[in-house]
Amino acid sequence: GPAFEATVIGFAASFLLPARAGEVLRPYLLARRENLPATAAFATIILERLLDLLTVLLLFGAFVLTASPQTMSGDPELFARVKTGGAIVAGAAAAGLVVLFALAGHPERLGRWAQKVERVLPARLADAVARFVQTFAEGLAVLRRPGHLLVSLVLSVPLWVSITAGIWLTSHAFHMTFGFVATFLVTTLLVVGVAMPTPGAIGGFHAMYQITVTKFFGVPVDRAVGAAIVLHAISFVPVTLLGIAFMAREGLSLGRMKKMAEEERRELEAAR
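Written out as structure tokens, the structure reads:
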């Protein structure tokens, strides 16, 4: 459908173009196809990213609750620090979900809370908070009822479990022996690597995978590097090729998409 095609084209654009262009193009394409305001489409992307983050942190929490030093072959002191920090982060993620459920369908609650916060902030920071809250509230308004948020969360969990399964299977193909739940740690730190602003997550993805499997699971560096390259290709090349096919069908070139992304950024800034 339109949402799937816009998502795939956005991922392909982020892989091929600088400045994470796909993050702007995806809501633009979705808004154009579904006849939505650009800011409303962008707001749903922010909500999606937040749900992704909370889901990953909850899976990380599952790792923290079940992992023990006996299951790790890396630095035990580093493992202990990560487990302590992870418990705090997972608790914060659970609290964040509670807040989201409380706000779902009632974005005006967020506005009232933001007004109280803005009164104690410097003017420039208060203005930035107000713009973000307005955009986020538009995303929450799409959900209407807490039940819609629950459905989104239920769909998000198996998605990230399947992503983790791909990471686990690829790692085991390189004779790494850590368990499936332990792979939630790898997934969490790969999300950090992908967040680094490089085209196609090149560099950040590879570095975080290598650091994680060598420091926590004692994998030799050369094996970790090889697995990172293969995993990155498996994760990004198929969706990029599919995105290119969709782009060709729509008559979109990379140059035109780069220009569209720049124009959309300016429009979003003006709308805020």
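In this note's numbering, the protein residues as written are 28 to 299. Glycine included, each C-beta is placed from N, C-alpha and C at the ideal position.
Quiz item: If G113 sits next to V91, beta carbons under 8 Å apart, how far is it from one beta carbon to the other, in whole angstroms?
Solution: Here residue 113 corresponds to residue number 86 of the sequence shown, with the count starting at 1. Here residue 91 corresponds to residue number 64 of the sequence shown, with the count starting at 1. 4 Å between Cβ atoms; contact.
Quiz item: When the Cβ atoms of the region 279-295 are set against those of the region 221-228, are three or more pairs found closer than 8 Å?
Solution: At 8 Å Cβ cutoff, the stretches do not touch.
Quiz item: Under a Cβ-count criterion, where at least 16 other Cβ atoms within 10 Å of its own Cβ denotes burial, should T111 be classed as buried or exposed?
Solution: Mapped onto the sequence shown, residue 111 falls at position 84. T111 is exposed by the Cβ-count criterion.
Quiz item: Going by the beta-carbon positions, is the gap between L86 and V188 smaller than 9 Å?
Solution: For this step, residue 86 is matched to residue 59 along the sequence shown. For this step, residue 188 is matched to residue 161 along the sequence shown. In this structure, L86 places its C-beta atom within 9 Å of the C-beta atom of V188.
Quiz item: Going by alpha carbons, who is nearest to V264 out of I36, P29, A30, G28?
Solution: As a first step, residue 264 is located in the sequence shown; it is residue number 237 there, counting from the start. Checked all of I36, P29, A30, G28; the closest Cα to V264 is I36.
Practice problem: Identify whether G220 lies in helix, strand or coil by the three-state DSSP scheme. | Solution: Taking the sequence shown and counting its residues from 1, the one referred to as residue 220 is at position 193. DSSP places G220 within a helical segment (H, G or I) once states are collapsed to three.
Quiz item: Do three or more CB pairs link the region 248-258 to the region 58-72 at distances below 8 Å?
Solution: Taking 8 Å as the limit for Cβ pairs, the verdict is that the region 58-72 does not touch the region 248-258.
Quiz item: Looking only at C-alpha atoms, which of L258, V248, A209 sits nearest to G88?
Solution: The residue you call residue 88 lines up with position 61 of the sequence shown. The shortest C-alpha to C-alpha distance from G88 to any of L258, V248, A209 is the one to A209.
Practice problem: Can you tell me which of the three DSSP states R146 falls into? | Solution: Locating residue 146 in the sequence shown gives position 119, where the first residue counts as 1. In this structure, R146 counts as coil in the three-state DSSP scheme.
Practice problem: Give me the Cα-Cα distance between L216 and Y236, rounded to the nearest whole angstrom. | Solution: For the purposes of this step, residue 216 is taken as residue 189 along the sequence shown, with counting starting at 1. For the purposes of this step, residue 236 is taken as residue 209 along the sequence shown, with counting starting at 1. Distance from the CA of L216 to the CA of Y236, rounded to the nearest whole angstrom, comes to 7 Å.
Quiz item: So, are the CB atoms of V221 and G231 less than 9 Å apart?
Solution: Here residue 221 refers to the residue found at position 194 when the sequence shown is read from its first residue. Here residue 231 refers to the residue found at position 204 when the sequence shown is read from its first residue. It is a contact, given that the beta carbons lie within the stated cut-off.
Quiz item: Any idea what DSSP makes of S95, helix, strand or coil?
Solution: Numbered from 1 along the sequence shown, position 68 holds the residue referred to as residue 95. Three-state DSSP puts S95 in coil, outside helix and strand.
Quiz item: Would you call the CB atoms of L84 and A107 closer than 9 Å?
Solution: Taking the first residue of the sequence shown as position 1, residue 84 is located at position 57. Taking the first residue of the sequence shown as position 1, residue 107 is located at position 80. Contact flag unset, no.
Quiz item: Should L319 and L127 be called a contact, given that it needs their Cβ atoms to be closer than 9 Å?
Solution: Summary: the structure shown does not reach residue 319, with the chain confined to residues 28 through 299, and so no result is reported for it.
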